[in-house]
Amino acid sequence: MRESSVKAPGKRAAGKKAASTAKPEPAPKAKGGSRTVSVGALARVEGEGGLFVKIKGDKVVASRFDVYEPPRFFEAFLRGRRFTEAPDITARICGICPVAYQMSSVHAMESACGVTVSGALRELRRLLYCGEWIESRPARRDAPRPDFLGYESAIHMAKDHPELVTKSLALKKVGNEIVTLVGGREIHPINVRVGGFYKAPAKADVVALGEKLRSVRPIAAELLSVAGSLTFPDFAPDYEFVSLRHPDEYPLCEGRIVSSRGLDIAVSDYENHFVEEHVEHANALHSRKKSGGIYLVGPAARYANNFDRFPRQIQEAAKAAGLGPVERNPFKSIVIRSVETLWAIDEALRIIDAYEPPPASFVEVPPRAASGAAISEAPRGILYHRYRIGADGLIQEAKIVPPTSQNQKQVEDDLRAFVEARFDMPLDTLTWQCEQAVRNYDPCISCATHAVRVRIERD
235 MRESSVKAPG
245 KRAAGKKAAS
255 TAKPEPAPKA
265 KGGSRTVSVG
275 ALARVEGEGG
285 LFVKIKGDKV
295 VASRFDVYEP
305 PRFFEAFLRG
315 RRFTEAPDIT
325 ARICGICPVA
335 YQMSSVHAME
345 SACGVTVSGA
355 LRELRRLLYC
365 GEWIESRPAR
375 RDAPRPDFLG
385 YESAIHMAKD
395 HPELVTKSLA
405 LKKVGNEIVT
415 LVGGREIHPI
425 NVRVGGFYKA
435 PAKADVVALG
445 EKLRSVRPIA
455 AELLSVAGSL
465 TFPDFAPDYE
475 FVSLRHPDEY
485 PLCEGRIVSS
495 RGLDIAVSDY
505 ENHFVEEHVE
515 HANALHSRKK
525 SGGIYLVGPA
535 ARYANNFDRF
545 PRQIQEAAKA
555 AGLGPVERNP
565 FKSIVIRSVE
575 TLWAIDEALR
585 IIDAYEPPPA
595 SFVEVPPRAA
605 SGAAISEAPR
615 GILYHRYRIG
625 ADGLIQEAKI
635 VPPTSQNQKQ
645 VEDDLRAFVE
655 ARFDMPLDTL
665 TWQCEQAVRN
675 YDPCISCATH
685 AVRVRIERD
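Per our numbering, residue 235 is the first one in the sequence shown, and the count goes up by one each step.
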C-alpha cells in the first residue's frame with residue numbers, strides 16, 4: 235500500500251471553476267485492472283469527521299461519512315435540570331445556529347405546558363431566527379463559497395476578490411446585530427426564555443436595525459446573482475425532501491412535517507415515522523424512515539416543499555438565479571441558501587416595520603407533568619426536540635435530533651453515486667469535488683469546513 239497526502243489547492247487556475255472545469259484524465263490502474271482509492275476529509279474546526287470512499291475496479295465498494303468527534307451527552311445532562319434552563323443549555327450545542335436549538339427547546343417546553351406564544355413575541359422570535367439565517371451563511375459557507383471559485387478558503391479568495399469577502403462580512407455583521415439586539419449577544423444568546431424573552435427591545439433600536447438591513451439587501455441580491463452564475467457538476471438524485479410546512483409562511487418554527495412523497499404528519503408524530511440508529515463507523519446517530527428509505531432535510535428540501543410560500547419577489551429572484559421551484563442538484567444548495575438569505579432580510583424588514591414593543595416580554599409558563607415536542611427549521615434542516623417534564627418542572631427525559639444525523643445516510647448514498655460516475659477523474663479533482671459534495675449538506679458537526687486535510691491511498 236502506498237500512501238500520499240494531497241492538500242486542497244489554495245487557488246486553482248485563474249478563471250476556472252473548481253467544481254466543473256477540470257478535464258478528466260485516465261485514472262491509473264493497479265495490477266489486474268482494479269484500483270482502491272480512499273478519500274478522507276478531516277476538519278480542523280469544531281469537531282472531527284471524515285469522508286471515506288473506496289473504489290475497486292469500476293465500482294464503489296464502500297462510502298462512509300465518518301464522525302469521530304466524541305459524544306457530548308447533552309440529552310443526558312439536561313435530565314434533572316429545570317425546564318426553564320433548556321434554552322440556555324441547548325444553545326451551547328452549536329455556536330453557528332444556537333437560535334435553532336433555543337427555539338426548538340422553548341416550543342417543546344411550551345407544548346408540554348399547554349402554552350402558545352403569539353403576537354409581538356412570536357414575531358420577535360421570527361426576527362431572531364432571521365438574524366441567525368442572515369449571519370450564519372455569508373462568511374462561513376456561501377456568497378459565494380470559496381471552493382466554487384477554486385479557493386481553499388475565504389482568506390485565500392480575499393486576495394483576488396476582496397469585494398466579495400467584504401460584502402459577505404457586511405451581510406454577516408447585520409445578521410449578528412439582529413441576534414445581539416433580540417437575543418442579548420451574537421453567540422449563544424442569553425435573552426431567550428420559555429414564554430418569550432427576558433427583555434423586549436425598544437422600538438427605536440429595532441427601527442435602526444431596519445435601516446441597516448435595507449443597506450445590505452442589495453448585497454444579498456448581488457451575492458445571489460453571483461451564486462447563480464456558478465457552474466455545477468451534473469448530479470441530481472431522486473430525493474425524498476422532508477421539511478416543515480406552514481399554512482401561510484415560509485417555515486421557521488411552526489408547521490407540519492411534510493415530504494415530497496406525500497408524508498404529512500403533526501410534529502408530535504415524528505418518532506412514529508423516523509428512527510435513529512447507531513452505526514459502527516460513526517459516533518453520530520443515523521436517521522431513517524421507519525417504513526424504509528432515506529431522506530434529505532435542509533435548504534433544498536425546505537425550498538422544494540415551500541416554494542409557493544415565498545413572496546413573489548423572492549420567487550422571481552430565485553428564477554433569475556437559474557432555479558426552478560424544485561432543485562435536486564445538491565451543489566445548487568448554495569444558490570438556494572442565498573435565496574433564503576434574501577428572503578430572511580425581507581421577512582426581518584416586514585417584522586421590523588410593524589414592530590410595537592409587547593406589553594410584557596414573556597408569558598408565564600407554569601410547569602406540569604407532560605411531554606412536548608417541537609421542530610424548527612435550522613439553517614441545515616429540521617431540528618427535533620422532545621422533553622418529558624414533571625410537575626416540579628424538572629426535565630425527566632430529553633431527545634434531540636439534529637439535521638446532520640438525518641442527512642448522513644443520504645450523504646453516504648450520494649457520495650457512492652457521485653464517485654461511481656466519476657472515478658476516472660484525476661484524484662485531486664475527484665477529491666476536491668467530494669469535499670464540495672460534503673459541504674453542500676453544511677453538516678453541523680463541522681467536518682466540512684474549508685480547512686480540509688485529504689489522504690489518498692492507492693493499491
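Ideal placement from N, C-alpha and C gives every residue a C-beta, glycine not left out.
Query                                                                                                                                                                        : Result
Tell me the residue span of the alpha helix (DSSP H) that contains V597.                                                                                                     : From DSSP, V597 is part of no alpha helix (DSSP H); its letter is neither H nor E.
Assign E386 to one of three DSSP states: helix, strand, or coil.                                                                                                             : coil
Just to confirm my understanding: we take Y675, look at its own chain, exclude 5 residues before and 5 after, and list those with CB closer than 6 angstroms. What are they? : N641, V645
Taking C-beta to C-beta, are L458 and I579 nearer than 7 angstroms?                                                                                                          : no
Output the distance between the C-alpha atoms of A551 and R543, rounded to the nearest integer angstrom.                                                                     : 14 angstroms
Buried or exposed: where does K257 fall if 16 or more other Cβ atoms within 10 Å of its Cβ makes it buried?                                                                  : Caution applies to K257, whose pLDDT of 31 falls short of 50 and renders its modelled position unreliable; the value that the coordinates give is listed next. Classification of K257: exposed, given that the 10 Å Cβ count is below 16.
Just the C-alpha distance for G417 and R360, rounded to the nearest angstrom, thanks.                                                                                        : 12 angstroms
Which of the three DSSP states, helix, strand or coil, is assigned to G444?                                                                                                  : helix
Looking at the unbroken alpha helix (DSSP H) that takes in I222, where does it start and where does it end?                                                                  : Because residue 222 is not part of the residues shown, which for the chain are 235 to 693, the question remains open.
So, for W577: in the same chain, excluding its five sequence neighbours on each side, which residues have a beta-carbon less than 8 angstroms away from its beta-carbon?     : Y484, F544, P545, I548
Would Y621 pass as a contact of I609 if the rule is Cβ separation under 7 angstroms?                                                                                         : no
If we require 4 or more residues per run, which alpha helix (DSSP H) segments fall completely within the region 290-322?                                                     : 308-312
Is it a yes or a no for the region 336-352 touching the region 594-605, going by three-plus beta-carbon pairs under 8 angstroms?                                             : yes
From N540 to E631, what does the alpha carbon distance come to, in whole angstroms?                                                                                          : 32 angstroms
Would you report the Cα separation of I586 and L664, rounded to the nearest angstrom?                                                                                        : 46 angstroms
Mapping DSSP to helix, strand and coil, what is H512?                                                                                                                        : strand
DSSP three-state label for K553, please.                                                                                                                                     : helix
Are N410 and E369 close, meaning C-beta to C-beta below 7 angstroms?                                                                                                         : yes
Sort A438, I412, L478 by Cα distance to A500 and report the nearest one.                                                                                                     : L478
Per DSSP, what are the beta-bridge partners of I368 in this structure?                                                                                                       : None; I368 has no bridge partner.
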